[in-house]
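I have placed the structure first, in the form of structure tokens, so that the comments after it can refer back to it.
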Amino acid sequence: MREASAVAALGGVVYLVVLVAGVFSPQNSAIGYAPEQPVPYSHALHAGELGIDCRYCHVTVETSARANVPPTATCMNCHKTIRTTSPKLELVRKSAETGEPIHWVRVHDLPDFVYFNHAGHVQSGVGCVSCHGRVDRMEVVEQVEPLTMGWCLDCHRDPDPNLRPRDKVTVMDWEPEGDAAALGAQLRTERNISPSVDCATCHR
Numbered sequence: 024m025r026e027a028s029a030v031a032a033l034g035g036v037v038y039l040v041v042l043v044a045g046v047f048s049p050q051n052s053a054i055g056y057a058p059e060q061p062v063p064y065s066h067a068l069h070a071g072e073l074g075i076d077c078r079y080c081h082v083t084v085e086t087s088a089r090a091n092v093p094p095t096a097t098c099m100n101c102h103k104t105i106r107t108t109s110p111k112l113e114l115v116r117k118s119a120e121t122g123e124p125i126h127w128v129r130v131h132d133l134p135d136f137v138y139f140n141h142a143g144h145v146q147s148g149v150g151c152v153s154c155h156g157r158v159d160r161m162e163v164v165e166q167v168e169p170l171t172m173g174w175c176l177d178c179h180r181d182p183d184p185n186l187r188p189r190d191k192v193t194v195m196d197w198e199p200e201g202d203a204a205a206l207g208a209q210l211r212t213e214r215n216i217s218p219s220v221d222c223a224t225c226h227r
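If you're matching positions, the sequence shown starts at 24 in my numbering and goes up one per residue.
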């Protein structure tokens with residue numbers, strides 16, 4: 024009887040290990056997630072070729088805890104005079120006429136039990152590319168980082184590689200001149216950046 028209980032307990036432990044490993048494996052961390060959007064939108068064209076700054080469309084990234092999805096009015100700033108009859112923009116025009124928002128599919132979506140302050144990271148000098156990748160090269164935006172707890176903690180423990188001058192936060196192809204490690208350490212010290220790894224920081 025004891026032997027059967029020991030085997031059952033061992034089986035339970037093995038099951039939990041496999042389950043946890045499966046849940047947190049790179050294959051299940053949403054890397055590569057690139058949902059189809061209601062309107063085809065090329066960041067490679069808008070942010071890359073045309074050089075539109077992230078903040079033109081995502082206006083609250085520096086001030087709000089949650090990054091915004093642009094309203095239709097932002098699209099219409101240009102598209103009331105550019106490509107006004109494009110079939111691809113039919114839903115945008117309809118949204119502008121009716122006031123009904125476009126239901127974009129969020130790509131970088133953290134679980135409800137995770138608190139993440141977008142503005143806090145931007146104001147600290149974490150570049151967009153650190154979490155979102157080279158969006159300026161993406162025809163369709165996809166998730167390039169796992170956004171797992173371990174991934175976040177790696178940066179909280181060593182933020183230096185992700186820090187840059189604040190005026191370079193949205194510059195996708197920015198590279199530091201000289202010693203990147205020294206610059207990161209300098210910026211961390213100057214800004215008094217000491218990210219917490221306490222559970223309550225992100226789980227409230």
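Glycine included, each C-beta is placed from N, C-alpha and C at the ideal position.
Since we're looking at a predicted model, the values are computed, not measured.
Ordered along the chain, which non-local residues of its own chain (more than five positions away) have a Cβ less than 7 Å from that of residue i?
i    : result
P81  : According to the sequence shown, residue 81 is His rather than Pro. Within the same chain, H81 has close Cβ partners A90, N91, P93.
T97  : C80
G71  : D159, R160
T86  : A142
H69  : I75
R227 : Y138
P218 : H179, P182
Does residue i come out as helix, strand or coil in the three-state DSSP assignment?
i    : result
L186 : strand
S52  : coil
V163 : coil
G173 : helix
R214 : coil
E200 : coil
S65  : coil
T193 : coil
E59  : coil
S219 : coil
E26  : helix
H226 : coil
G156 : coil
What is the rounded straight-line gap between the Cα of residue i and the Cα of residue j?
i    : j    : result
Q146 : E26  : 58 Å
T224 : T108 : 48 Å
V130 : A205 : 33 Å
D76  : V194 : 8 Å
D181 : P61  : 38 Å
L114 : Y56  : 23 Å
I125 : A119 : 9 Å
K117 : P58  : 22 Å
R211 : H144 : 12 Å
T104 : D183 : 43 Å
E123 : R106 : 21 Å
R214 : C178 : 16 Å
C175 : D135 : 16 Å
Keeping to the same chain, check which residues put their C-beta closer than 6 Å to that of residue i; ignore five residues upstream and five downstream.
i    : result
P199 : L206
G150 : R187, V192
F139 : L133
V137 : C225
L170 : none
S65  : E162
S52  : P169, T171
R189 : G148
A153 : The sequence shown places Ser at residue 153, rather than the Ala named in the question. Around S153: N185.
G156 : V167
Let me see if you follow: with CB-CB separation under 8 Å, is residue i close to chain D or not?
i    : result
V167 : The chain labelled as chain D is not found in the depicted structure, where only one protein chain is given.
Please give the ranges of any alpha helix (DSSP H) in the region 72 to 151, keeping only runs that are unbroken, at least 4 residues long and fully inside the region. 77 to 80, 95 to 102, 113 to 121, 141 to 147
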